[in-house]
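Here is the structure we will look at, set down as structure tokens.
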Amino acid sequence: MLRLEPRPAAPAWLELATPVMAVIATMIAGGVLFALMGFDPVAAVRTIFWDPLFGPAASYSRPQLLVKAGPLILIACGLAVGFRAGIWNIGAEGQYIVGGLCGAAVALAAYPAEGAWIFPAMVLAGAAGGWAWGMIPAMLRNWFGASEILVSLMLVYVAQRLAAWMAFGPMRNPEGFGMPGSRNLQQYPSAANPELVAGTGAHWGVVAAALAVVATWFLMSRHIRGFHIRAAGLAPRAARFAGVSPAALVAFCLGLSGALAGMAGLFEVAGPGGQIIDSFGSGYGFTAIIVAFLGRLHPLGILLAGLLLALTYIGGELAQLTLQLPAATVQVFQGMLLFFLLAFDTLTRFRIRSARAMA
Amino acid sequence: MILDVTTLLLLISAATPILFAALGEVIVERAGVLNLGVEGLMIVGALAGFAAAHATGSTALGFAVAAVAGAGLAMIFAVLTQMLLTNQVATGLALTLFGLGLTAMFGKPYEGIKAPPVPAGPLGVNAMIWLGLALVPLIWLGLNRTRAGLILRGVGENHDAAHALGYKVRAVRIAAIAAGGALAGMGGAYISIAIVLQWTEGMTAGAGWIALAIVVFAGWNPWGALAGAWLFGGVTVLQLRLQAAGVAVPVQLLSMAPYLATILVLVLISARQTYARGGGGTAPGSLGRPFHALR
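Just so you know, the protein sequences line up as chains A and B, in that order. For my numbering, add 188 to where a residue sits in the first sequence, where the first one is 1. For my numbering, add 322 to where a residue sits in the second sequence, where the first one is 1.
Okay, here's the thing in structure tokens:
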């Protein structure tokens, strides 16, 4: 019989090794799943993890890597800050949608004016929209003690319906021949979020994601607020005695993650997405939770994890085209990845001993 | 006429999936475990139940298979949180994401097929509604008037004390998680087999999360879960009736009602629990805390 013995501190190499082990285990389990479904497991795993970068059509899929990783990293950076403090913002998807709606609203209100102020104003509106949507669960928790997990999650469904209403109602393109969906912002130069360097896929959202990685690293390891956040997560009572206000921390963490998710939504609607449609939410807000955990809640880790999960998105699309794999394969992979990650994490917190050695 | 028999039946039917899932989660949380994967369990139950009912033509068999599928998926959560002591919030989320992905992957062949009809039971109400209603007093009795229920609550209130008394904390919790998974799976199957009458991707649409909120509203009590589920059913039916009556509010905004109502109820009940201690019932003492026996 095996049993777990707590470790005083995890060795550094194990902290780094567990995410890698989780990825490898996911590939193996995924291969088994594909084999059971009657696909060639080696070809399927190679199509998802290798071909988007180095396969025959890689020059088309490589730029997509940054397009998909940008929003994931941007959202995950904000989420990780809250998760460190034990504040669970599960509703980043909703904040992403509302940020996109607010940013698009500025652009649609300004249309057809041209001006250098329009895009920055949209970014601000996107951040403000996401921030406000994140502040709802923050305030309800601070004032009434309502669970931020459930409230932020409920608000995802509200935001999805808000986006559908906007696409069919107030934001519908007046020149769109009655089709649902807003004007395409890519065709509106002052509001568009174009590819900055041809062939890389990098748009302003990718720049913002890179800045967010640096900023959250600074916040968490060099700023007193980051110290408070870590303290509150590890020892809430001790943090309170040290003068950390739990309510202020809840507002800060949900506001920050909401603002970053909102910006991600805006960059998406002004860039790759182009318009508000009824299914505007794309699941980035949920996948970003996996990115945050896979990155060990550390900005650099999140950078790598975001790139990896972006790869699974692109690889999943590729596998759908070339191998006729179901579209939801990626979701299953992402769920399995989180399971394996949590399981392997046990190794960093506990030593596995046989019960006989203990006695 | 706003409240006639048909409307009432519609309300009770709309409340049934939430009732099953919430009752299951009451058992799980009373044992001190926070399983946020209810949404994932429900969607897996919805597909497994639908597939079994379609294959056999028997809805009863469909619900049974859904219960087994829910309990089976919940075992992943049980092994991770109870054996490997992972974070319950993160593991529950993983369960939901995994369940949604798994059903999207295997559900494709079932899209557009009609479910076999659920046979009408006594008073024209199907057996699942009766079962849901019967489970409320049964679970209440089980929790409050039996020795097993006492042990379960003891494990949930203070797992260290329960362990010191010699109770198997881990075994009790795994059993509770399995029971909760089975009930959530049946609740999910009710959506696909008895309400929507077909399978569509992501069809539980947050029902599992609403059930989690209703457990808080219920004060971790089965009777409260019934009240919460009916409240939710009432809001859903009211919203559908308003849509049908052609009220000048867009459909998308009306369909926000159940989610907004859930937030409102959650806020009211949390405020009561925060500001008036003792009122409304409080969370089990060891809720969400991992248990690790050193001796």
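Ideal Cβ placement from N, Cα and C applies to all residues, glycine included.
Check residue i in the structure and name its three-state DSSP category.
i, result
"L609(B)", "coil"
"W405(A)", "helix"
"W276(A)", "coil"
"I540(A)", "strand"
"E523(B)", "coil"
"E193(A)", "strand"
"N330(A)", "helix"
"L358(B)", "coil"
"H486(A)", "coil"
"M225(A)", "coil"
"T584(B)", "helix"
"G379(B)", "coil"
"A568(A)", "With chain A running from 189 to 547 in the structure shown, residue 568(A) is simply not present."
"I464(A)", "coil"
"P259(A)", "helix"
"Y345(A)", "helix"
"Q252(A)", "helix"
"V432(A)", "coil"
"L565(B)", "The identity of residue 565(B) in the sequence shown is Gln, whereas the question assumes Leu. The answer is helix: DSSP assigns Q565(B) an H, G or I state."
"T338(B)", "helix"
"P424(A)", "helix"
"S577(B)", "coil"
"Q522(A)", "helix"
"A205(A)", "helix"
"W531(B)", "helix"
"Y299(A)", "coil"
"D533(A)", "helix"
Output yes or no for whether 8 Å exceeds the beta carbon distance between residue i and residue j.
i, j, result
"V477(B)", "A486(B)", "no"
"T425(B)", "I515(B)", "no"
"A268(A)", "L485(A)", "yes"
"G362(B)", "A388(B)", "no"
"A498(A)", "A257(A)", "yes"
"G322(A)", "L437(A)", "no"
"A579(B)", "Q565(B)", "no"
"G464(B)", "G454(B)", "no"
"S577(B)", "R349(A)", "yes"
"A504(B)", "G530(B)", "no"
"P326(A)", "A452(A)", "At residue 326(A) the sequence reads Ala, which differs from the Pro that was named. Their beta carbons are not under 8 Å apart, which means A326(A) does not touch A452(A) by this criterion."
"L296(A)", "R371(A)", "yes"
"G279(A)", "L328(A)", "no"
"A396(A)", "F455(A)", "yes"
"G510(B)", "T526(B)", "yes"
"L254(A)", "V402(A)", "no"
"A420(A)", "P434(A)", "yes"
"A547(B)", "A400(B)", "no"
"L526(A)", "F481(A)", "yes"
"V511(A)", "A231(A)", "It should be pointed out that residue 511(A) corresponds to Leu in this sequence rather than to Val. Yes, they are a contact pair."
"L331(B)", "V447(B)", "yes"
"A514(A)", "M397(B)", "This sequence places Pro at residue 514(A); Ala is not what is there. Against a cut-off of 8 Å, the Cβ pair of M397(B) and P514(A) comes out as no contact."
"Q404(B)", "R492(B)", "yes"
"I536(B)", "A344(B)", "yes"
"S445(A)", "G243(A)", "no"
Return the bridge partner residues of residue i from the DSSP annotation.
i, result
"E281(A)", "Its beta-bridge partners do not exist; DSSP assigns none."
"E433(B)", "W521(B)"
Review point. Are the segment 433–443 of chain B and the segment 415–424 of chain B touching, with three or more C-beta to C-beta distances below 8 Å?
Key: Between the segment 433–443 of chain B and the segment 415–424 of chain B, the count of C-beta pairs closer than 8 Å stays below three; the two stretches do not touch.
Point to revise | alpha helix (DSSP H) segments (min. 4 residues) lying fully within the segment 445–489 of chain B | key: The segment 445–489 of chain B contains, as complete alpha helix (DSSP H) runs of 4+ residues, the segments 449–467, 469–479 and 481–486 (chain order).
Check your understanding: Which residue spans inside the segment 347–421 of chain A form an unbroken alpha helix (DSSP H) run of at least 4?
Key -> Counting only runs of 4 or more, we get 392–410.
Point to revise | Segment contact flag, the segment 348–362 of chain A with the segment 463–476 of chain A, C-beta cutoff 8 Å, min 3 pairs | key: With the cut-off at 8 Å, the segment 348–362 of chain A and the segment 463–476 of chain A touch.
Exercise for review: Flag this pair as touching only if the segment 269–276 of chain A and the segment 501–515 of chain A have three or more C-beta atom pairs under 8 Å; answer yes or no.
Suggested key: Verdict: no, contact absent.
Practice item. For the segment 333–353 of chain B and the segment 211–227 of chain A, state whether three or more C-beta atom pairs, one from each stretch, are separated by less than 8 Å. Key: The segment 333–353 of chain B, when compared against the segment 211–227 of chain A, does not touch it at the 8 Å Cβ threshold.
Check your understanding: Are at least three pairs of beta-carbons, each pair with one atom in the segment 306–315 of chain A and one in the segment 276–290 of chain A, less than 8 Å apart?
Key -> Verdict: yes, contact present.
Review point. Taking three-plus beta-carbon pairs below 8 Å as touching, is the segment 348–359 of chain B in contact with the segment 521–529 of chain B?
Key: As far as the Cβ criterion goes, the segment 348–359 of chain B does not touch the segment 521–529 of chain B, which means the pair count is below three.
Point to revise | Sufficient close CB pairs (3 or more, under 8 Å) joining the segment 372–382 of chain B to the segment 489–505 of chain B | key: As far as the Cβ criterion goes, the segment 372–382 of chain B does not touch the segment 489–505 of chain B, which means the pair count is below three.
Practice item. Answer yes if the segment 585–597 of chain B comes into contact with the segment 329–340 of chain A, meaning at least three C-beta pairs across the two stretches below 8 Å, and no otherwise. Key: Because the criterion of three Cβ pairs below 8 Å is met, the segment 329–340 of chain A and the segment 585–597 of chain B touch.
**Study point:** At least 3 beta-carbon pairs within less than 8 Å: the segment 402–414 of chain A vs the segment 479–493 of chain A
**Key:** Under the 8 Å Cβ criterion, the segment 402–414 of chain A counts as touching the segment 479–493 of chain A, having at least three qualifying pairs.
Review point. Counting Cβ pairs, one atom from each stretch, are 3 or more of them under 8 Å apart for the segment 530–543 of chain A and the segment 202–211 of chain A?
Key: By the C-beta criterion, the segment 530–543 of chain A is judged to be in contact with the segment 202–211 of chain A, since at least 3 inter-stretch pairs fall below 8 Å.
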